[in-house]
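Counting from 8, one number per residue, gives the positions in the sequence shown under the numbering used here.
Worksheet: one structure, shown below.
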Amino acid sequence: MADLKKLAEELVNLTVKDVKELADILKEEYGIEPAAAAVAVAAPAAGGAAAAEAEQTEFDVILKSAGAAKLAVVKLVKELTGLGLKEAKEIVDKAPAPLKEKVSKEEANTLKTQLEEAGAEVELK
Numbered sequence: 008m009a010d011l012k013k014l015a016e017e018l019v020n021l022t023v024k025d026v027k028e029l030a031d032i033l034k035e036e037y038g039i040e041p042a043a044a045a046v047a048v049a050a051p052a053a054g055g056a057a058a059a060e061a062e063q064t065e066f067d068v069i070l071k072s073a074g075a076a077k078l079a080v081v082k083l084v085k086e087l088t089g090l091g092l093k094e095a096k097e098i099v100d101k102a103p104a105p106l107k108e109k110v111s112k113e114e115a116n117t118l119k120t121q122l123e124e125a126g127a128e129v130e131l132k
């Protein structure tokens, strides 16, 4: 495990020249194409802070406003959340309000698209 940590630290500190040399070695010795190797190694080399920052996997869908078609948005919120009509209306009336929390990127984008088509203003966090 200590060897892997040391290797990770070395990869993060690679220079562009080092990445190119590594790509050549990977291609000649292991048959790995340099473009794939450069992408895999260049990201950490580009900056330690960027490498340390993980890609966000969970999103909160925030209803910012219902827009002009409030009734359509209330009905859609009811449908998307499984809440009753009264609870859905309360969420829309309290906007900005969280609609769903900790959902996948795909689900968050789907919800955002549906709500925006209904006339709502939505934010993903």
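Note that beta-carbon positions come from the ideal geometry of N, C-alpha and C, so glycine has one too.
How would you write the range of the beta strand (DSSP E) that residue i sits in, first residue to last?
{"i": "L83", "result": "Counting along the chain, L83 falls outside any beta strand (DSSP E), though it belongs to the alpha helix (DSSP H) covering K77 to T88."}
{"i": "E128", "result": "E128 to L131"}
Residues in the same chain with beta-carbon distance under 7 Å from residue i, minus the five sequence neighbours each way, listed in chain order, please.
{"i": "E123", "result": "V129"}
{"i": "K119", "result": "V68, V129 and L131"}
Provide the residue span of the alpha helix (DSSP H) that contains residue i, from first to last.
{"i": "A69", "result": "It is worth fixing the name first, because residue 69 is Ile in this sequence and not Ala. I69 -> not in any alpha helix (DSSP H); beta strand (DSSP E) instead, spanning F66 to S72."}
{"i": "E135", "result": "Coverage of the chain is limited to positions 8 through 132, which leaves residue 135 absent and any answer about it impossible."}
{"i": "K112", "result": "K112 to A125"}
By the three-class DSSP mapping on this structure, what secondary structure does residue i have?
{"i": "L21", "result": "coil"}
{"i": "E62", "result": "coil"}
{"i": "E108", "result": "strand"}
{"i": "E36", "result": "helix"}
{"i": "A45", "result": "Caution is warranted here: a pLDDT of 47 is assigned to A45, below 50, making its placement in the model unreliable, and the coordinate value is therefore given only provisionally. If DSSP states are grouped into helix, strand and coil, A45 belongs with the helices."}
Thinking just about the alpha-carbon of each residue, which of the options is nearest to the one in residue i?
{"i": "V68", "options": "K24, K12 and V84", "result": "V84"}
{"i": "K132", "options": "A115, Q121, T120 and G89", "result": "A115"}
{"i": "P105", "options": "T88, L92, I32 and E113", "result": "T88"}
{"i": "V99", "options": "K109, K82 and E108", "result": "K82"}
{"i": "A127", "options": "G74, E113 and E97", "result": "G74"}
Cutting at 8 Å between CB atoms, please list the residues of its own chain near residue i, excluding the five before and the five after it.
{"i": "S111", "result": "T64, E65 and F66"}
{"i": "P103", "result": "I69, L70, K71, S72 and E130"}
{"i": "K109", "result": "E65, F66 and D67"}
Inter-stretch contact at 8 Å, needing at least 3 Cβ pairs: the segment 25-38 / the segment 66-81: no
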